[in-house]
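**Student:** Before we start, here is the structure in question, set down as structure tokens.
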Amino acid sequence: MRHPLDPGYRVTNSFSSKHPGTDYAPPKAGQTGVPCYAPETSTVMASSKGTVEGNYVILQGLVSGKFYYFGHFAERKVAAGRGIQEGAVIGILGKTGQASGIHTHCEVRSARNVPFSGKVDPEKWFKDNVKEEPMFNEGDRKNWLTEAAMPDSGQYRNLVGKVTFKEALETMRRDELFRINPGDVVNLGKALGTNPAKGDKWKDYGYALNQAAKAVPSTPKDEYVPYQLPQLFTKKG
Ligand SMILES: [Zn+2]
16 MRHPLDPGYR
26 VTNSFSSKHP
36 GTDYAPPKAG
46 QTGVPCYAPE
56 TSTVMASSKG
66 TVEGNYVILQ
76 GLVSGKFYYF
86 GHFAERKVAA
96 GRGIQEGAVI
106 GILGKTGQAS
116 GIHTHCEVRS
126 ARNVPFSGKV
136 DPEKWFKDNV
146 KEEPMFNEGD
156 RKNWLTEAAM
166 PDSGQYRNLV
176 GKVTFKEALE
186 TMRRDELFRI
196 NPGDVVNLGK
206 ALGTNPAKGD
216 KWKDYGYALN
226 QAAKAVPSTP
236 KDEYVPYQLP
246 QLFTKKG
């Protein structure tokens with residue numbers, strides 16, 4: 016996940032019982048051309064214009080399942096129905112609709128069109144979820160590699176998942192995970208019986224990979240063929 020604004024943004028109105036979102040303004044008042052980014056890989060649920068909200072965009076994050084609402088854009092850069100990557104520019108800060116200055120009103124919702132649903136403070140949400148460190152630390156990686164190299168028939172079923180996970184880790188680092196085509200994530204979700212579009216909780220891609228690992232059918236040891244998890248995904252060049 017990333018913050019929807021580049022560093023230097025100003026919060027001009029915080030989340031409260033009367034204000035269901037956070038207002039993000041450019042570093043300098045009145046500054047134009049400031050981009051707003053998709054906080055996570057998402058489906059664009061709406062991209063439209065209203066008299067109050069101005070140019071607005073609603074995303075649903077494929078990782079968290081949350082809905083992200085942004086209003087008052089000068090320009091919208093995404094079309095409804097499209098899958099977009101984390102970090103894609105979704106709009107340019109503006110003051111369309113009922114706004115006195117250039118900013119975007121941002122809400123993080125549990126239900127698409129319901130302000131305050133889940134009572135999420137956007138700034139807190141981003142501070143809690145935007146992490147710089149790798150999703151998987153090197154210690155875990157080494158443990159998985161070690162276990163994978165020393166098969167134990169008693170733990171075979173367990174191992175299948177770990178070998179799979181190991182393969183995924185070897186071939187897909189965090190920066191690659193975030194370049195996965197959102198459509199493939201949805202396909203993976205369908206294959207695993209979870210549906211991010213319906214709000215099933217996907218804490219992160221690590222969870223998705225874990226679920227994929229668990230979905231590997233148990234096979235007799237001598238028939239074991241490494242499961243190629245990355246084939247479920249189509250990496251974009
Ligand atoms: Zn606001």
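Take the sequence shown: its position 28, counting from 1, is numbered 43 in the working numbering, and each next residue is one higher. C-beta: ideal position from N, C-alpha, C; glycine also.
(1) Report yes if the C-beta of N70 is less than 8 Å from at least one heavy atom of ligand 1; otherwise report no.
(2) To the nearest angstrom, report how far apart T56 and S115 are at their CA atoms.
(3) Give me the Cα-Cα distance between P19 and C51, rounded to the nearest whole angstrom.
(4) Who's in the neighbourhood of ligand 1, going by beta-carbon under 7 Å from any heavy atom, listed in chain order?
(5) For the alpha helix (DSSP H) that V138 lies in, which residues bound it at each end?
(6) Work out the CA separation of M16 and N144 for me, nearest whole Å.
(7) In terms of alpha-carbon separation, which member of I117, P137, S125, C121 lies closest to A44?
(8) Run the CB neighbour count on G133, radius 10 Å, all protein chains shown included, and call it buried at 16 or more, exposed below.
(9) So, for T58: in the same chain, excluding its five sequence neighbours on each side, which residues have a beta-carbon less than 6 Å away from its beta-carbon?
(10) Please name the residue, chosen from V26, S31, P22, R25, that lies closest to P130 on a Cα-to-Cα basis.
(11) Would a C-beta distance cut-off of 9 Å place Y84 and V72 closer than the cut-off?
(12) Assuming the contact rule is C-beta atoms closer than 8 Å, I107 and G36 should be a hit. Round their C-beta distance to whole Å, please.
(13) Could you work out which residue in H34, Q46, F88 is closest to T111 when comparing CA atoms only?
(14) Report the option in Q100, S29, P22 whose CA atom is closest to the CA atom of H120.
(15) Specify the secondary structure class of S125 as computed by DSSP and reduced to three states.
(16) Please determine, among A40, R127, H34, T27, the residue with the shortest C-alpha to C-alpha distance to G109.
(17) Return the CA-CA distance between K229 and S79, expressed in angstroms with no decimal places.
(18) Roughly how many angstroms lie between the CA atoms of E90 and A61, to the nearest whole one?
(19) From P22 to P42, what does the alpha carbon distance come to, in whole angstroms?
(20) K81 and W140 - do their beta-carbons sit closer together than 9 Å?
(21) To the nearest whole angstrom, what separates the beta carbons of G86 and G69, a pair I think is in contact under 8 Å?
(22) Excluding the 5 residues flanking S63 on each side, which residues of the same chain have their C-beta closer than 7 Å to its C-beta?
(23) Look at the alpha carbon of S125 and the alpha carbon of Q46, and state the distance between them as a whole number of angstroms.
**Tutor:** Working from what's here:
(1) As a first step, residue 70 is located in the sequence shown; it is residue number 55 there, counting from the start. No - ligand 1 has no heavy atom lying nearer than 8 Å to the Cβ of N70.
(2) Residue mapping note: residue 56 aligns to position 41 of the sequence shown, counting from 1. Residue mapping note: residue 115 aligns to position 100 of the sequence shown, counting from 1. Taken atom to atom, the span from the alpha-carbon of T56 to that of S115 is near 31 Å.
(3) Residue mapping note: residue 19 aligns to position 4 of the sequence shown, counting from 1. Residue mapping note: residue 51 aligns to position 36 of the sequence shown, counting from 1. When rounded, the distance between both Cα atoms is 5 Å.
(4) Cβ-based neighbours of ligand 1 within the cut-off: N28, H34, G36, D38, H120.
(5) The residue labelled residue 138 in the question sits at position 123 within the sequence shown. One detail in the question is off: residue 138 reads as Glu in this sequence, not Val. Start and end: 137 to 144.
(6) Locating residue 144 in the sequence shown gives position 129, where the first residue counts as 1. Locating residue 16 in the sequence shown gives position 1, where the first residue counts as 1. One alpha carbon belongs to N144, the other to M16, and they sit about 6 Å apart.
(7) Looking up residue 44 in the sequence shown gives position 29. Ranked by how close their Cα comes to the Cα of A44, the residues I117, P137, S125, C121 have I117 in first place.
(8) The residue you call residue 133 lines up with position 118 of the sequence shown. Flag for G133 reads exposed.
(9) Position 43 of the sequence shown holds residue 58. Once the five neighbours on either side are set aside, the close Cβ partners of T58 are Q75, G98.
(10) To locate residue 130, count along the sequence shown from 1; it is residue 115. Nearest option by C-alpha distance: S31.
(11) What you label residue 84 is simply residue 69 of the sequence shown in a count that begins at 1. What you label residue 72 is simply residue 57 of the sequence shown in a count that begins at 1. The Cβ atoms of Y84 and V72 lie closer than 9 Å to each other.
(12) Locating residue 107 in the sequence shown gives position 92, where the first residue counts as 1. Locating residue 36 in the sequence shown gives position 21, where the first residue counts as 1. The Cβ separation is near 18 Å, so there is no contact.
(13) Locating residue 111 in the sequence shown gives position 96, counting from the first residue. That would be F88, whose Cα lies nearest to the Cα of T111.
(14) Along the sequence shown, one-based indexing puts residue 120 at 105. Checked all of Q100, S29, P22; the closest Cα to H120 is S29.
(15) Residue numbering aside, residue 125 sits at position 110 when the sequence shown is read from its first letter. S125 falls in the coil class under three-state DSSP.
(16) On the sequence shown, position 94 is the one that residue 109 refers to. When only C-alpha atoms are compared, the closest one is A40.
(17) Position 214 of the sequence shown, counted from the first residue, corresponds to residue 229. Position 64 of the sequence shown, counted from the first residue, corresponds to residue 79. Residue confidence is low: K229 scores 47 on pLDDT, short of 50, so the model does not pin down where it sits. Its coordinate-derived value is still stated next. Going by C-alpha positions, K229 is about 20 Å away from S79.
(18) For the purposes of this step, residue 90 is identified with residue 75 of the sequence shown, where counting begins at 1. For the purposes of this step, residue 61 is identified with residue 46 of the sequence shown, where counting begins at 1. Their Cα atoms are separated by approximately 14 Å.
(19) Indexing the sequence shown from 1 puts residue 22 at position 7. Indexing the sequence shown from 1 puts residue 42 at position 27. C-alpha of P22 to C-alpha of P42: approximately 8 Å in a straight line.
(20) Your numbering for residue 140 matches position 125 in the sequence shown. Your numbering for residue 81 matches position 66 in the sequence shown. Against a cut-off of 9 Å, the Cβ pair of K81 and W140 comes out as a contact.
(21) By one-based count along the sequence shown, residue 86 stands at place 71. By one-based count along the sequence shown, residue 69 stands at place 54. Here G86 really is in contact with G69; their C-beta atoms are around 6 Å apart, less than 8 Å.
(22) Counted from its first residue, the sequence shown places residue 63 at position 48. Only Y71 meet the Cβ criterion.
(23) Sequence index remark: in the sequence shown, residue 125 carries index 110 (1-based). Sequence index remark: in the sequence shown, residue 46 carries index 31 (1-based). Those two C-alpha atoms are separated by around 31 Å.
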